[in-house]
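Residue numbers (the numbering used here): 53 to 381. Data first, discussion second: the structure below is written as structure tokens.
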């Protein structure tokens, strides 16, 4: 009988503990609820709408004012929610050596991320490589966390309407920031997204052509799998089924916000997809299917679970090897 290496067992155990905590948190039901009829009414126009329509920047939206660049910038979200704290987008910017003419890499964090310390380190690394860095606070996380809940608790829940509106909010806000950066003279945009942030980044890949690099680490490529097969969503699944919201219902409508059903606007050769061998949220099989769908993209997997720190350095290493023109020598 083959014995697993200790590191593999640790990766599996860390995921197990994390998933248990997420289920306990989701069992509280702080994200609110809706009936099947309310969900059907919300989705009533979706089948006829392409991602280009669902994620279109409203004509009335104003470009955010980014001042001198460095620091935290807050601006009103063009997509409103019922949580006032979440109705203002936050982005932390570290300009590169050429100021606004340096390319900009967006750091898009994972679900329920609570510390930006590591991202600040990666921002400094990007600055040394000639890039600016932007740490974007995704809906219901960090500076957008409503009182009484944890960072990200409301972002992925059994409130499907809130989940979809959160993804729309994140993508549209980022498209607005990208417009503001282009107006400032930023020549290229990069996306470095993990898990939930990888989901947001993958949706941007369908819409934005001026993306020079997209590094997607364990992205949510199959939303249906996350909600109905992952051990991290047992509490969410129970709540959905109790209200008569089945897998078939979700499948009907989630295509518009599921990257695996669409082709990228970005050159696939600029897309890097990384998976964790033991990941049960965004398992390798799901990400491989996305890789096969996005022909020409790059794929690799490493021995970690969904929770881990191996993929950030590995993605930078692979990005520098596969896309050598990105960085200054």
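Even glycine gets a Cβ: it sits at the ideal position worked out from N, Cα and C.
Any idea which residues DSSP pairs residue i with across the strands?
| i | result |
| --- | --- |
| residue 246 | 269 |
| residue 325 | 268 and 351 |
| residue 263 | 241 |
| residue 146 | 185 |
| residue 141 | 127 |
DSSP three-state call for residue i: helix, strand or coil?
| i | result |
| --- | --- |
| residue 187 | strand |
| residue 67 | helix |
| residue 157 | strand |
| residue 151 | strand |
| residue 255 | helix |
| residue 343 | helix |
| residue 164 | coil |
| residue 306 | helix |
| residue 382 | This structure leaves residue 382 out entirely; the chain is present only between 53 and 381. |
| residue 301 | helix |
| residue 119 | coil |
Leaving out the 5 sequence neighbours to the left and right, which residues in its chain are closer than 6 Å to residue i when beta-carbon positions are compared?
| i | result |
| --- | --- |
| residue 195 | 142 and 189 |
| residue 348 | 320 and 321 |
Looking only at its chain, what residues have a beta carbon closer than 7 Å to the beta carbon of residue i, apart from the 5 residues adjacent to it on each side?
| i | result |
| --- | --- |
| residue 314 | 103 and 258 |
| residue 362 | 354 and 356 |
| residue 289 | 279 and 280 |
Please state if the CB of residue j and the CB of residue i are separated by a distance shorter than 8 Å.
| i | j | result |
| --- | --- | --- |
| residue 107 | residue 224 | yes |
| residue 360 | residue 63 | yes |
| residue 263 | residue 242 | yes |
Cutting at 8 Å between CB atoms, please list the residues of its own chain near residue i, excluding the five before and the five after it.
| i | result |
| --- | --- |
| residue 85 | 210, 211, 291 and 295 |
Cβ contact check for the segment 276-295 and the segment 67-77: 3 or more pairs under 8 Å: yes
Touching by the beta-carbon criterion (3+ pairs, under 8 Å), the segment 290-307 and the segment 258-277: yes
Cβ contact (3+ pairs, closer than 8 Å) linking the segment 313-328 and the segment 224-234: no
Sufficient close CB pairs (3 or more, under 8 Å) joining the segment 246-257 to the segment 159-172: yes
The segment 171-186 contacting the segment 288-302, beta-carbon criterion three pairs below 8 Å: no
Segment contact flag, the segment 170-181 with the segment 204-214, C-beta cutoff 8 Å, min 3 pairs: no
Inter-stretch contact at 8 Å, needing at least 3 Cβ pairs: the segment 137-156 / the segment 110-129: yes
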